[in-house]
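Novice:
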Amino acid sequence: MTNSIDNDSIKIALKDSDYGSVLRMTENSAFNEAAILTPAYSQAIDEILGEQDARTAACTSLTVCIIRTTKLLEDVANRVDLDEATRKLAILHLQRRIRNFALHLLPLDFSDITDQAIKKVEVKPLVEEPRPVRPLRRKAATIDRTRTTLCRRCGGYGHKFRKCPDYVCCICDELGPDHLSVHCPRLEGRTVLQEFSDEEKFFEALLDWENNRKALMDLELRHPTELSPAPETPSVPSVSTSAIPAPPTATMEEDV
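Encoded structure:
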């Protein structure tokens, strides 16, 4: 068996080393553990410790209690007759008991060490925390815009109402995109609906105008207007010179 320090100039026989004391300590530890975990021997150990000096027997008694509690912890963890919640609660209880025993092993002046540690941490200059580095901007994933555009007229994807292939003009009945009824050539350039930037509002206004026009056309088909002939204007009679009587001529004799 070799270790991390290999020096040919230092050679010690195994029988002259501390290996024997390590083995004896291991054997003694196993023997002591078996005695502590045996109920009869454990009770006798408590009685013997109760008669010894409290300054030395107290720490030994706490160590014995820790060994017993760890054994109970192992037994509870291996029990199969307990449900999960009960076993978990028992394990937490035993762990807390072990911590309490270990705390009692601390020297009485350990609070002074705690105070020194707190002061040392408080006066220690705070290390400036590194500022978070903003990650590099990743290239945005390519989005299929044609699948996110919804036509308000037909409900399909990939186009808007101005490019709807199912659109039918309510004036000339032309089918196809790029032909709104308010821009129909049959209107001869007349502005029937003013466009505005808000596409949603313009579509609503366009839909209302088309519905009103269709309703008006249906009304005219159901109740056609009868056009009455225009009254003839009376003709002015022609004036002839023969029809106008000549004024009487005065004679010399009548004047006399």
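Going left to right, the sequence shown walks through residues 1 to 256 as UniProt numbering numbers them.
No residue lacks a Cβ here, since even glycine has one placed at the ideal position from N, Cα and C.
Taking only the alpha-carbon atoms, compute the straight-line gap between A205 and N212 and give it to the nearest angstrom.
Specialist: Locating residue 205 in the sequence shown gives position 205, counting from the first residue. Locating residue 212 in the sequence shown gives position 212, counting from the first residue. Cα to Cα, A205 sits roughly 11 Å from N212.
Novice: Span of the alpha helix (DSSP H) holding P39?
Specialist: Position 39 of the sequence shown holds residue 39. From DSSP, the alpha helix (DSSP H) with P39 extends over P39 to G50.
Novice: Output the distance between the C-alpha atoms of D18 and T70, rounded to the nearest integer angstrom.
Specialist: Stepping through the sequence shown from its first residue, residue 18 is reached at position 18. Stepping through the sequence shown from its first residue, residue 70 is reached at position 70. Going from the Cα of D18 to the Cα of T70 covers about 30 Å.
Novice: By how many angstroms is the C-alpha of P224 removed from the C-alpha of K201?
Specialist: Translated into the one-based positions of the sequence shown, residue 201 becomes position 201. Translated into the one-based positions of the sequence shown, residue 224 becomes position 224. If I take the Cα positions, the gap works out to 34 Å.
Novice: For L187, name the three-state secondary structure that DSSP assigns.
Specialist: Counting from one through the sequence shown, the residue named residue 187 turns up at place 187. Note: L187 maps to helix in three-state DSSP.
Novice: Grab me the residues of S42's own chain with a C-beta within less than 6 Å of its C-beta, minus the 5 sequence neighbours each way, in chain order.
Specialist: As a first step, residue 42 is located in the sequence shown; it is residue number 42 there, counting from the start. Excluding positions up to five away in sequence, the list reads I36.
Novice: Do you know whose CA, among T63, L49 and V64, lies nearest A57's CA?
Specialist: If you number the sequence shown from 1, residue 57 lands on position 57. Cα-wise, what sits closest to A57 is L49.
Novice: Could you tell me whether the segment 60 to 70 touches the segment 89 to 102, using the rule of 3 or more Cβ pairs below 8 Å?
Specialist: Yes, since at least three Cβ pairs between the segment 60 to 70 and the segment 89 to 102 fall closer than 8 Å, the two stretches touch.
Novice: Would DSSP call V64 helix, strand or coil?
Specialist: To locate residue 64, count along the sequence shown from 1; it is residue 64. It is helical.
Novice: With DSSP as the reference, please indicate the residues paired to V168 in a beta bridge.
Specialist: Counting from 1 along the sequence shown, the entry for residue 168 is found at position 168. Its beta-bridge partners are L175.
Novice: Per DSSP, Y19 forms a beta bridge with which residues?
Specialist: Position 19 of the sequence shown, counting from 1, holds the residue named residue 19. Paired residue(s): none; Y19 is not in a bridge.
Novice: Kindly indicate which three-state DSSP category H150 falls into: helix, strand or coil?
Specialist: Within the sequence shown, numbered from 1, the residue matching residue 150 stands at position 150. Note that residue 150 is Leu in the sequence shown, not His. L150: strand per DSSP, three-state reduction.
Novice: Can you tell me whether L216 is buried or exposed? The criterion is at least 16 other CB atoms within 10 Å of its CB, across all chains shown.
Specialist: Here the question's residue 216 lines up with position 216 in the sequence shown. Exposed, by the Cβ-count rule.
Novice: Give the straight-line distance between the Cα atoms of F161 and R222, rounded to the nearest whole angstrom.
Specialist: Within the sequence shown, the letter at position 161 stands for residue 161. Within the sequence shown, the letter at position 222 stands for residue 222. So the two alpha carbons sit approximately 31 Å from each other.
Novice: Between which two residues does the alpha helix (DSSP H) holding R79 run?
Specialist: Numbered from its first residue, the sequence shown carries residue 79 at position 79. Element bounds for R79: n/a, residue is neither H nor E.
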